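Trainee: Got a structure for you, questions after.
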Amino acid sequence: MTTAIQRDPKPAEATEPRPRYSGRSYRVESVDVLRGLLMILMALDHARDYFSSAAIDPTDPAHSWPALFITRWVTHICAPGFILLAGASVYLQRQRKSAAMLTRSLILRGLWLIFLEITVVSFGWSFGFGKPILQVIWVIGVCMIALAGLQWLPMPAVGLFGAIVILGHNLLDPIHASALGNWSDAWYILHERGWLTFHAHPIALYGYPVIPWIGVMALGYCFGAVVTLAPERRQRISALLGAVSLGAFALLRLTHSYGDPGPDFEHLDTPAHTMMSLFSVQKYPPSLHYLLATLGIVFLLFSIFDRAAEDARTPRLRAFFDVYGRVPFFFYILHIFLIHTLALVVAAATKAPWRFWITPDVVFTSHLTGWGYSLPIVYVVCIAVVLVLYPACAWFSHLKDRRRDWWLSYL
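Quick note: the sequence shown uses the working numbering, first residue 3, plus one each step.
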């Protein structure tokens, strides 16, 4: 869900307390810049999936190493950031649409994203029609449908709902799908990662349980109200939110408190591995510790980028990120197909078992023995993919600026 950049060259108007609308749309540059950075980090994660030689869990503090751990961990902020900013964008749309219009739009877009996840995106991961892989696009679609109802509530009620879900969903951890019989699939969808089954046969790989992510979307909707404030005020509030989130994470993690069902933080043999243990938090489903750490970073980054935009600093870097942030779904689809194609071509050229890369459902469930490259090569692949897709993303961004065809909003 996106909004149009308002570029006002007059410094005196940069601190107006409310956003200014132009035509049918509105956009806050720092939202797009931050989203663009998240898209690039996401591409790094997927380049690692296809090209890394590491056959271990990169966030396992006992067996990973700092460079691999950091490469994986920085991409943890992507999903929370996407969903938070999607919620904020819905709030901005609510300022120019009726609740009824927005409800229809959210339901249609949510269903559209779910359909594309099951078909186009799942095909992109394996170049075959195996079992669908339900990931972030799926859960964004579900969250949009949920927000279609939530946005009818008063803002404080939406915020309270989001806070209760984020802070309290780990109370559900003792409930396991394996103990629920015929209701196991429903629990996988709500709060536990795994295979969805039909008559005991797996039909889909499920990675993003919806309960905590709906809480993040609700929080993002409330954060949209912060985005509409005067720049200095929203920067201050965002920085405060980030500091409080990271402080709460550190307090809970260091004291082995409630909020993460994974292994507790422990002191390991080196300071680096100890830090890795501190940040080794559960993503599937996202624990409270995970959400506090990642959302804290997202809030701080928003404040930093918004300050840079207000002070006209790093204009080229902001413009670069902005291109990807304005067409996130377009980039998302293209980069999966491009990275997968590159892996297939490299495997065939090096006489590796290239058929592995057209085998359904293996990307996230197994590792090709003897395949892969060191992290510098992974970074080179990521940079190449991002740069190759820049012209297409810039073209599509300009197309969306020039035209208002209804179908463009679904891409």
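Note that beta-carbon positions come from the ideal geometry of N, C-alpha and C, so glycine has one too. Computed from a predicted structure; not experimentally measured.
Look at the alpha carbon of ALA206 and the alpha carbon of PRO362, and state the distance between them as a whole number of angstroms.
Mentor: As a working note, residue 206 is residue 204 in the sequence shown. As a working note, residue 362 is residue 360 in the sequence shown. The straight-line gap from Cα to Cα measures roughly 11 Å.
Trainee: Could you tell me the distance, in whole angstroms, from the CA atom of ARG238 to the CA atom of ASP308?
Mentor: Mapped onto the sequence shown, residue 238 falls at position 236. Mapped onto the sequence shown, residue 308 falls at position 306. Their backbone Cα atoms lie some 10 Å apart in a straight line.
Trainee: In chain order, what residues of the same chain lie with their CB nearer than 7 Å to the CB of ALA227, ignoring the 5 residues before and after it?
Mentor: Sequence index remark: in the sequence shown, residue 227 carries index 225 (1-based). Here the set comprises TYR93 and MET157.
Trainee: Under three-state DSSP, which class holds ARG29?
Mentor: Translated into the one-based positions of the sequence shown, residue 29 becomes position 27. Three-state DSSP puts ARG29 in a strand.
Trainee: Which value, in whole angstroms, describes the spacing of the CA atoms of THR73 and ALA274?
Mentor: Position 71 of the sequence shown, counting from 1, holds the residue named residue 73. Position 272 of the sequence shown, counting from 1, holds the residue named residue 274. Those two C-alpha atoms are separated by around 14 Å.
Trainee: Within its chain, find whatever has a CB closer than 6 Å to the CB of PHE332; leave out the 5 residues flanking it on each side and keep chain order.
Mentor: Counting from 1 along the sequence shown, the entry for residue 332 is found at position 330. These residues qualify, in order along the chain: PHE398 and LEU413.
Trainee: Looking at the strands, I want to know which residues DSSP matches up with GLY196.
Mentor: Locating residue 196 in the sequence shown gives position 194, counting from the first residue. The partner list for GLY196 (beta bridge, DSSP) reads TYR208.
Trainee: How about LEU115 and GLY132: do their beta carbons lie closer than 8 Å?
Mentor: In the sequence shown, counting from the first residue as 1, residue 115 sits at position 113. In the sequence shown, counting from the first residue as 1, residue 132 sits at position 130. For LEU115 and GLY132, no; Cβs fall outside 8 Å.
Trainee: Where DSSP assigns a beta bridge to ALA375, which residues make up the other side?
Mentor: Numbered from 1 along the sequence shown, position 373 holds the residue referred to as residue 375. The sequence shown places Tyr at residue 375, not Ala. Note: TYR375 sits in a beta bridge opposite SER54.
Trainee: What do you get for LYS402, buried or exposed, if any count of 16 or more other CB atoms within 10 angstroms of its CB means buried?
Mentor: Against the sequence shown, residue 402 aligns to sequence position 400. LYS402 comes out buried.
Trainee: Would you check if the segment 259 to 267 and the segment 163 to 179 touch, i.e. whether three or more CB-CB distances between them fall below 8 Å?
Mentor: They touch, by the three-pair rule.
Trainee: Taking one C-beta from the segment 296 to 304 and one from the segment 82 to 93 each time, how about it: are there three or more such pairs within less than 8 Å?
Mentor: Contact between the segment 296 to 304 and the segment 82 to 93 is present, because at least three Cβ pairs lie under 8 Å.
Trainee: Could you give the DSSP three-state label for HIS342: helix, strand or coil?
Mentor: The count along the sequence shown starts at 1 and reaches residue 342 at position 340. It is helical.
Trainee: In whole angstroms, what is the alpha-carbon distance linking SER54 and TRP215?
Mentor: One-based indexing of the sequence shown puts residue 54 at position 52. One-based indexing of the sequence shown puts residue 215 at position 213. Near 28 Å, if we compare the C-alpha coordinates of TRP215 and SER54.
Trainee: Given ILE120, which residues of its chain have a CB within under 7 Å of its CB, disregarding the five upstream and five downstream residues?
Mentor: In the sequence shown, counting from the first residue as 1, residue 120 sits at position 118. Closer than 7 Å at Cβ, skipping near neighbours: PRO134.
Trainee: What ranges does the alpha helix (DSSP H) occupy inside the segment 221 to 258, keeping only unbroken runs of at least 4 residues that lie completely in it?
Mentor: Entirely contained in the segment 221 to 258, the alpha helix (DSSP H) runs reaching 4 residues are, in chain order, 233 to 256.
Trainee: Within the continuous alpha helix (DSSP H) that includes LEU70, where are the two ends?
Mentor: For the purposes of this step, residue 70 is taken as residue 68 along the sequence shown, with counting starting at 1. Note, LEU70: alpha helix (DSSP H), 68 to 75.
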